[in-house]
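A.B. asks: Just passing along the structure, written as structure tokens.
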Amino acid sequence: MATVLTVVGILVFAVGLLFSIAWHELGHLSTAKLFGIRVPQYMVGFGPTIWSRRRGDTEYGIKAIPLGGYIRMIGMFPPGEDGRITQRSSSPWRTMIEDAREASYEELQEGDEQRLFYTRKPWKRVIVMFAGPFMNLILAFGLFLTVMMGFGVTMAVPTIRTVSECVVKAGQPTDECPADALPAPAFKAGLKPGDKVLSFDGDRIGSYDQLQADIRRSAGKTVPIVVERGGQQLTLTPTIAVNDVQKYDANNIPLKGQTVQAGFLGFTPSSGVVRLGFGQSLDRMYDMAEGGVKSLVALPGKIPGLWHSVVDGSPRDADSPIGMVGAARVSGEVFSLEIPGSQRIATFVNLLAGINLSLFLFNMLPLLPLDGGHIAGAVWESIRRRTARLFKRPDPGPFDVARLMPLAYVVASVFIGFTLLVLVADLVNPVKIS
Numbered sequence: 067m068a069t070v071l072t073v074v075g076i077l078v079f080a081v082g083l084l085f086s087i088a089w090h091e092l093g094h095l096s097t098a099k100l101f102g103i104r105v106p107q108y109m110v111g112f113g114p115t116i117w118s119r120r121r122g123d124t125e126y127g128i129k130a131i132p133l134g135g136y137i138r139m140i141g142m143f144p145p146g147e148d149g150r151i152t153q154r155s156s157s158p159w160r161t162m163i164e165d166a167r168e169a170s171y172e173e174l175q176e177g178d179e180q181r182l183f184y185t186r187k188p189w190k191r192v193i194v195m196f197a198g199p200f201m202n203l204i205l206a207f208g209l210f211l212t213v214m215m216g217f218g219v220t221m222a223v224p225t226i227r228t229v230s231e232c233v234v235k236a237g238q239p240t241d242e243c244p245a246d247a248l249p250a251p252a253f254k255a256g257l258k259p260g261d262k263v264l265s266f267d268g269d270r271i272g273s274y275d276q277l278q279a280d281i282r283r284s285a286g287k288t289v290p291i292v293v294e295r296g297g298q299q300l301t302l303t304p305t306i307a308v309n310d311v312q313k314y315d316a317n318n319i320p321l322k323g324q325t326v327q328a329g330f331l332g333f334t335p336s337s338g339v340v341r342l343g344f345g346q347s348l349d350r351m352y353d354m355a356e357g358g359v360k361s362l363v364a365l366p367g368k369i370p371g372l373w374h375s376v377v378d379g380s381p382r383d384a385d386s387p388i389g390m391v392g393a394a395r396v397s398g399e400v401f402s403l404e405i406p407g408s409q410r411i412a413t414f415v416n417l418l419a420g421i422n423l424s425l426f427l428f429n430m431l432p433l434l435p436l437d438g439g440h441i442a443g444a445v446w447e448s449i450r451r452r453t454a455r456l457f458k459r460p461d462p463g464p465f466d467v468a469r470l471m472p473l474a475y476v477v478a479s480v481f482i483g484f485t486l487l488v489l490v491a492d493l494v495n496p497v498k499i500s
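What follows is the structure, encoded as structure tokens:
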């Protein structure tokens, strides 16, 4: 049965990914048509076409490899300086530029002169290129909101799961106490598994994060703690110990291998599914978006770890990048977990939302051939033209993004190399969930 559920999870992920790609391209398509740009093709996937239909000016279709998608817009690049679409040269860089320019005019028809992408005002081109990633952002927002407010999220709650018998520093084994270890305050005060903490030093406790922060601030103090046990309320008065505990960043994410001296009570919390309010959901999504930006910036630093995970089988870090194959595998594992069906669905939806958030952030990088590269080109053109008008200089005309195609090929090559490395790592040393 687990195998069947794994296959179902992978298939559901594939459908979700195809929808996310189609949704992204729909943003480009709808805004391009809104501004009168001719779009000959709207395709989901790459490779051989397995289905297509023509409606009006546009051919809509699905291709065999569901790892991306595209729309073709006429006149993505302006003609060369001589006013011609093609200009051949012995230079390989010039050839790249003119090949790209020629491809953008391949399906030029009579009457298309007024329907070219590059002839639209820069702000319209920015909207067309931004609309694709923005659709992914909208989808991520909706999916995250559904999970957080509808299904709830699994998080630590202020209910005690286990109590430590002694004070042990972060990172050290907790299954047995060293001979010179002091008794843990929680153990000494009589806290027991199942106790629900209602208040700490007079503060009403609403979440485990709040309780943890209160404990850390209270090193060396004797504080009253009110707990609920068996339907009754009890007040206990432990003296909070000073200990080396796990260090967290501003977003409450643990910093690997780092500790800090703070208050220590000596228990582990239980986990529970908690539905968040709208405001809490927004705060959590903001933190996730901020974490996504930081992860994207830190991506080059992950390459050595990926390389070693492939070459010498080193363990994958929990935050190791994964590709679509790895994400599909995780989706399969989610569907085979022994957890309630609602939580399987919630975990999958959360995974799909995270992928859409990543697609938004990745595509906004100001590099060709990504959408952000075309946005940057249009913004730069607008700046040039406004500056020329300000200083009463001749209009410099459209910015020729085609000149950046050699750089685009370099960027694409780096992306392809990184994608292949992640693919191999996902196959030979995958990230697993529990």
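In case it helps, my numbering puts the sequence shown at residues 67 to 500.
Yeah, the Cβ is synthetic: ideal placement off N, Cα and C, and Gly gets one too.
Values in this document were obtained by computation on a predicted structure and should not be read as measured data.
Comparing alpha-carbon positions, which option in R186, M351, P406 and T453 lies nearest F22?
C.D. replies: Because the chain is modelled from 67 through 500, residue 22 falls outside the range shown and cannot be assessed.
A.B. asks: Who are the Cβ neighbours of E404 in its own chain at under 8 Å, not counting the five residues just before and after it?
C.D. replies: Stepping through the sequence shown from its first residue, residue 404 is reached at position 338. Here the set comprises nothing.
A.B. asks: For the putative contact between P199 and M430, defined by C-beta atoms under 8 Å, what is the C-beta separation to the nearest angstrom?
C.D. replies: Here the question's residue 199 lines up with position 133 in the sequence shown. Here the question's residue 430 lines up with position 364 in the sequence shown. Right, their Cβ atoms sit about 6 Å apart.
A.B. asks: Output the distance between the C-alpha atoms of G343 and F112, rounded to the nearest integer angstrom.
C.D. replies: Taking the sequence shown and counting its residues from 1, one reaches residue 343 at position 277. Taking the sequence shown and counting its residues from 1, one reaches residue 112 at position 46. One C-alpha to the other measures close to 41 Å.
A.B. asks: Look up N309 in the DSSP assignment and say whether it is helix, strand or coil.
C.D. replies: The count along the sequence shown starts at 1 and reaches residue 309 at position 243. The answer is strand: DSSP assigns N309 an E or B state.
A.B. asks: Classify G149 as helix, strand or coil using the three-state DSSP reduction.
C.D. replies: Numbered from its first residue, the sequence shown carries residue 149 at position 83. Bear in mind that a pLDDT of 47 at G149, under 50, signals an unreliable position, so the number given afterwards is only what the model happens to contain. It is coil, neither helix nor strand.
A.B. asks: Using 8 Å as the threshold, is the C-beta distance between A98 and M142 below it?
C.D. replies: The count along the sequence shown starts at 1 and reaches residue 98 at position 32. The count along the sequence shown starts at 1 and reaches residue 142 at position 76. Contact flag unset, no.
A.B. asks: Report back the beta-carbon spacing between L77 and N422 to the nearest angstrom; my notes put them in contact at under 8 Å.
C.D. replies: Your numbering for residue 77 matches position 11 in the sequence shown. Your numbering for residue 422 matches position 356 in the sequence shown. Contact doesn't hold; Cβ gap of about 19 Å is too wide.
A.B. asks: Can you check whether the CB of I441 is closer than 8 Å to the CB of F196?
C.D. replies: Along the sequence shown, read from residue 1 onward, the residue named residue 196 stands at position 130. Along the sequence shown, read from residue 1 onward, the residue named residue 441 stands at position 375. Going by C-beta atoms, F196 is nearer than 8 Å to I441.
A.B. asks: Using 8 Å for Cβ pairs, my map puts A252 next to P304. What's the rounded Cβ distance?
C.D. replies: By 1-based counting over the sequence shown, the position of residue 252 is 186. By 1-based counting over the sequence shown, the position of residue 304 is 238. Between P304 and A252 the Cβ distance is about 6 Å, and since that is below 8 Å, they are a contact.
A.B. asks: In chain order, which beta strand (DSSP E) runs of at least 3 residues are fully inside the stretch 184-271?
C.D. replies: 219-229 and 262-266
A.B. asks: Report the three-state DSSP secondary structure of I482 (helix, strand or coil).
C.D. replies: Start at 1 with the first residue of the sequence shown, and residue 482 comes out as number 416. I482 falls in the helix class under three-state DSSP.
A.B. asks: Rounding to the nearest angstrom, what Cα-Cα distance links I388 and G323 in this structure?
C.D. replies: For the purposes of this step, residue 388 is taken as residue 322 along the sequence shown, with counting starting at 1. For the purposes of this step, residue 323 is taken as residue 257 along the sequence shown, with counting starting at 1. The alpha-carbon atoms of I388 and G323 are separated by roughly 23 Å.
A.B. asks: DSSP three-state label for R154, please.
C.D. replies: For the purposes of this step, residue 154 is identified with residue 88 of the sequence shown, where counting begins at 1. Because R154 carries a pLDDT of 49, less than 50, the predicted location of this residue cannot be relied on, and the following value inherits that uncertainty. Correct three-state label for R154: coil.
A.B. asks: Nearest to F333 by CA position, among P249, I103 and V494, is which residue?
C.D. replies: The sequence position of residue 333 within the sequence shown is 267, counting from 1. Of the candidates P249, I103 and V494, the one whose C-alpha sits nearest the C-alpha of F333 is P249.
A.B. asks: Count the other CB atoms within 10 Å of the CB of T413; is the residue buried (16 or more) or exposed (fewer)?
C.D. replies: For the purposes of this step, residue 413 is identified with residue 347 of the sequence shown, where counting begins at 1. By the neighbour-count rule (16 or more Cβ atoms within 10 Å), T413 is buried.
A.B. asks: When you compare only the Cα positions, how much space is there between F183 and P145?
C.D. replies: Taking the first residue of the sequence shown as position 1, residue 183 is located at position 117. Taking the first residue of the sequence shown as position 1, residue 145 is located at position 79. For F183 and P145, the distance between alpha carbons rounds to 12 Å.
A.B. asks: Is the stretch 458-470 in contact with the stretch 354-366, if contact means three or more CB pairs nearer than 8 Å?
C.D. replies: no
A.B. asks: Starting from M139, trace the beta strand (DSSP E) both ways and give me its first and last residue.
C.D. replies: Taking the sequence shown and counting its residues from 1, one reaches residue 139 at position 73. Premise fails: M139 is in no beta strand (DSSP E) and is neither H nor E.
A.B. asks: Given F217, which residues of its chain have a CB within under 8 Å of its CB, disregarding the five upstream and five downstream residues?
C.D. replies: Counting from one through the sequence shown, the residue named residue 217 turns up at place 151. V339, R341, S408, Q409, I411, A412 and V415, listed in sequence order.
A.B. asks: In the DSSP output, which residue or residues are listed as bridge partners for V110?
C.D. replies: Here residue 110 is taken as the residue at index 44 of the sequence shown, counted from 1. DSSP links V110 through a beta bridge to I128 and G135.
A.B. asks: Per DSSP, what kind of secondary structure is V63 in: helix, strand or coil?
C.D. replies: Given a span of 67 to 500 for the chain in the structure shown, any question on residue 63 remains unanswerable.
A.B. asks: Going by Cα to Cα distance, which pick from S230, S479, L92 and T485 is closest to L331?
C.D. replies: Taking the sequence shown and counting its residues from 1, one reaches residue 331 at position 265. Of the candidates S230, S479, L92 and T485, the one whose C-alpha sits nearest the C-alpha of L331 is S230.
A.B. asks: Could you tell me whether the Cβ atoms of L264 and V292 are closer together than 8 Å?
C.D. replies: Your numbering for residue 264 matches position 198 in the sequence shown. Your numbering for residue 292 matches position 226 in the sequence shown. Yes, these two residues count as a Cβ contact at 8 Å.
A.B. asks: Look at the Cβ atom of L434, then the Cβ atom of V467, and state whether they are nearer than 8 Å.
C.D. replies: One-based indexing of the sequence shown puts residue 434 at position 368. One-based indexing of the sequence shown puts residue 467 at position 401. Yes, they are a contact pair.
A.B. asks: With DSSP run on the structure shown, which of helix, strand or coil describes L182?
C.D. replies: By one-based count along the sequence shown, residue 182 stands at place 116. L182 falls in the coil class under three-state DSSP.
A.B. asks: I'd like to know whether the C-beta atoms of A454 and V192 end up nearer to each other than 8 Å.
C.D. replies: As a working note, residue 454 is residue 388 in the sequence shown. As a working note, residue 192 is residue 126 in the sequence shown. Cβ distance not < 8 Å, so A454 and V192 don't count as in contact.
A.B. asks: Applying the 10 Å Cβ sphere with the 16-neighbour rule, what's the burial state of D378?
C.D. replies: Looking up residue 378 in the sequence shown gives position 312. By the neighbour-count rule (16 or more Cβ atoms within 10 Å), D378 is not buried but exposed.
A.B. asks: Helix, strand or coil, according to DSSP, for R119 in the structure here?
C.D. replies: Numbered from 1 along the sequence shown, position 53 holds the residue referred to as residue 119. It is a strand residue.
A.B. asks: Please classify T301: does DSSP put it in a helix, a strand, or coil?
C.D. replies: By 1-based counting over the sequence shown, the position of residue 301 is 235. Of the three classes helix, strand and coil, the one that applies to T301 here is strand, per DSSP.
A.B. asks: CA-CA distance, L470 and E447?
C.D. replies: Translated into the one-based positions of the sequence shown, residue 470 becomes position 404. Translated into the one-based positions of the sequence shown, residue 447 becomes position 381. In this structure, the alpha-carbon of L470 lies about 14 Å from that of E447.
A.B. asks: Identify whether K322 lies in helix, strand or coil by the three-state DSSP scheme.
C.D. replies: Here residue 322 is taken as the residue at index 256 of the sequence shown, counted from 1. It is a strand residue.
A.B. asks: Exposed or buried, which one is L486 when buried takes at least 16 other CB atoms within 10 Å?
C.D. replies: What you label residue 486 is simply residue 420 of the sequence shown in a count that begins at 1. So L486 counts as exposed.
A.B. asks: With P381 as the anchor, note down where its beta strand (DSSP E) starts and where it stops.
C.D. replies: Within the sequence shown, numbered from 1, the residue matching residue 381 stands at position 315. Premise fails: P381 is in no beta strand (DSSP E) and is neither H nor E.
A.B. asks: If contacts are defined as beta-carbon pairs under 8 Å, then F426 and T72 qualify, I think. What distance do you get, rounded to the angstrom?
C.D. replies: Taking the sequence shown and counting its residues from 1, the one referred to as residue 426 is at position 360. Taking the sequence shown and counting its residues from 1, the one referred to as residue 72 is at position 6. Between T72 and F426 the Cβ distance is about 28 Å, and since that is not below 8 Å, they are no contact.
A.B. asks: Hey, could you find the ends of the alpha helix (DSSP H) S347 is sitting in?
C.D. replies: Here residue 347 refers to the residue found at position 281 of the sequence shown. Here the alpha helix (DSSP H) through S347 covers F344 to V363.
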